[in-house]
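So the sequence shown is residues 1 to 204, counted in the numbering used here.
Take a look at the structure set out below.
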Amino acid sequence: MKIIQTKLDFIQFPPIEKVVFYRNVIAKFTGNPRFPTPDVTMLDASAAVDALENAIIVASDGGRTSISEMHDQEKLTDTAFRSLAAYVDRIAAGDESTILSSGFHESKQPIYTPKAILTMVDGAHSGSVIFKGKANPRAGAYHFQMCKGSIPLTEDGWVLCGVSTSANFELSGLDVMCLYYFRIAAITPDGLTDYSEPVSKIVV
């Protein structure tokens, strides 16, 4: 049986979600007697998260340089929290409660990763993207939605940007170097399915 370890799922989170996740890890570590001497101090970890958050704010202007700098800082912050996750694994030695007390998620067994419901790739022209959705055998058509800048708090914030009989769909006319979120749902004989988890992409 595989030893329980920390799960590095946070690496796939959008930058703003990483900030929230990383701050929770810092809060869980702080004062936790199970982790007396982490490989990355909480002061350094907090500074890295602050730098990432500031970079996200600056990158919201859509400038190429600021977006590039945001991704550079994201990688540095990710590295710090990878180190903390490795430290937790050494201390926990497979103990689930210890891992959970760190704020990281646990991975118990080898996990089969199914094909993503939605993947976003660059389109043929600047300002365009292609939805690559996982086909639903019962679907007669698909709805494609988008939002710009951040995930809306309500369903009203999502915009229907396309309907197609194919799970793949190209969308054009988007603002270059801006962050968008996209999702897909299938229309089946039972009605509209739940939308997929939002996928973020900076349009080029």
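Beta carbons are placed, not taken as given, at the ideal position from N, Cα and C, and that holds for glycine.
- In this structure, the beta-carbon distance from Val163 to Tyr195 does not fall below 9 angstroms.
- Cβ contact annotation for Ala59 (same chain, cutoff 6 angstroms, sequence separation greater than five): Ser66, Ile67 and Met70, in chain order.
- Judged by their CB atoms, Gly133 and Gly173 are not nearer to each other than the 9 angstroms cut-off.
- Glu106 sits in a strand when the DSSP states are folded into three classes.
- DSSP, read as helix, strand or coil, puts Lys28 in helix.
- Secondary structure in the segment 92-167: the alpha helix (DSSP H) runs of 4 residues or longer, each lying completely within the stretch, are 96-101 in chain order.
- Of the candidates Leu160, Gly191, Ser107 and Thr30, the residue whose Cα lies closest to the Cα of Asp89 is Ser107.
- With the rule of 3 Cβ pairs closer than 8 angstroms, the segment 173-189 counts as touching the segment 137-157.
- In the DSSP assignment, Val199 falls within the beta strand (DSSP E) that extends over Val199 to Ile202.
- Per DSSP, the beta-bridge partners of Ile184 are Phe144.
- Here Phe21 carries a helix assignment [DSSP, helix/strand/coil].
- Restricting attention to Ser83, Pro33, Ile130 and Gly62, the CA atom closest to the CA of Ala48 is found in Ser83.
- About 38 angstroms separates the Cβ atoms of Leu192 and Ala85, ruling out a contact at the 8 angstroms cut-off.
- DSSP places Leu174 in the coil class of the three-state scheme, outside both helix and strand.
- From the listed residues Pro137, Leu43 and Glu17, the smallest Cα separation to Pro189 is found for Pro137.
- Under the three-state reduction of DSSP, Thr6 is assigned to strand.
- Between the alpha carbons of Tyr22 and Ser97 lies a gap of roughly 19 angstroms.
- Comparing C-alpha distances from Phe144 to each of Asp122, Thr154, Thr165 and Ile11 shows the shortest one belongs to Thr165.
- Cβ-Cβ distances below 7 angstroms link Ala55 to Glu69, Met70 and Gln73 in the same chain, with the five nearest sequence neighbours on each side left out; the list follows chain order.
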